[in-house]
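Residues in the sequence shown are numbered from 606 upward in steps of one, following the numbering used here.
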Amino acid sequence: MSDSTALTTALAGPLTPARRREEVLTLTTVLPMSQQQVWTALTDPNALAKWSPIIPDRPLVAEGTATSLEHPAAPPVDATVVEAREPWYLEHHWGGDVVGWQLAPSGEGTQVNLVHQLARPESAIDTAAGWHVCLTVLALQAAGEQVERCVGDDSLDLDWDALRARYAQVIPDPAIKDDQA
């Protein structure tokens with residue numbers, strides 16, 4: 606990473622508000638970017654390659670088949686676009702999961718509601734921590750910081766266990782039924 610200090614410092618800050626209900630994980634953040642800039646960051650393969658684990662084989666601007674790679678050696682996964690309404694809403698597959706992005710103007714930035722339908726609800730904590738890293742990278746890049754994409758095993762170098770433990774405190778364990786809590 607060009608500036609891992611900025612990323613490490615930012616990751617130690619507040620958590621991205623997160624909620625899990627059964628198989629749906631919801632994260633909400635405000636990015637210091639216009640709604641159109643966020644839309645481009647979510648749909649353009651070159652922009653996604655700078656911050657996201659989802660790098661599709663085509664722009665995600667229209668419904669239809671797409672595939673995605675996290676890195677060149679990874680097997681391709683389904684990234685089919687279910688719905689695209691520029692610059693408000695994007696929903697696409699990510700392997701067995703479905704990821705929805707709701708965008709709305711918010712002050713001098715854009716509120717992003719990420720609704721991630723998990724094929725494996727037990728992955729909610731790791732998924733929340735992973736998206737936290739990725740969205741933090743995007744926010745820092747938008748603020749002019751020279752921070753490189755950090756996904757997969759690269760995240761382990763960023764005190765992953767501490768970040769994961771913080772999310773474990775706010776996201777219910779799917780092994781515990783709501784009526785047992």
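Glycine residues also receive a C-beta, built at the ideal position from the N, C-alpha and C atoms. What you are looking at is a predicted structure, and each value in this text was computed from that prediction instead of being measured.
CA nearest to the CA of residue i, picked from the options
{"i": "ALA667", "options": "PRO658, LEU695 and GLN640", "result": "LEU695"}
{"i": "LYS655", "options": "GLN640, VAL704, LEU745 and ALA733", "result": "LEU745"}
{"i": "THR725", "options": "GLY714, TRP699, VAL742 and LEU743", "result": "Note that residue 725 corresponds to Arg in the displayed sequence, not to Thr. Of GLY714, TRP699, VAL742 and LEU743, the residue nearest in Cα terms is TRP699."}
{"i": "ALA684", "options": "GLN642, ALA671 and ARG690", "result": "ALA671"}
Buried or exposed (CB count within 10 angstroms, at least 16 for buried), residue i
{"i": "PRO692", "result": "buried"}
{"i": "LEU763", "result": "buried"}
{"i": "VAL704", "result": "buried"}
{"i": "SER760", "result": "buried"}
{"i": "GLN640", "result": "buried"}
{"i": "VAL686", "result": "buried"}
{"i": "VAL752", "result": "buried"}
{"i": "VAL775", "result": "exposed"}
{"i": "THR610", "result": "exposed"}
{"i": "ARG690", "result": "exposed"}
Bounding residues of the beta strand (DSSP E) (the contiguous stretch that carries residue i)
{"i": "ARG769", "result": "That residue, ARG769, is in no beta strand (DSSP E); its alpha helix (DSSP H) goes 765 to 775."}
{"i": "THR715", "result": "714 to 722"}
Limits of the alpha helix (DSSP H) - the one that residue i falls within
{"i": "ALA747", "result": "729 to 747"}
inquiry  = Any contact between the segment 630 to 639 and the segment 709 to 722? By contact I mean 3 or more CB pairs, one from each, below 8 Å.
reply    = With contact defined as three or more Cβ pairs closer than 8 Å, the segment 630 to 639 and the segment 709 to 722 are in contact.
query = Given 8 Å as the limit, is there contact between the segment 746 to 755 and the segment 727 to 737, that is, 3 or more CB pairs closer than that?
reply = Result no; under three Cβ-Cβ pairs closer than 8 Å.
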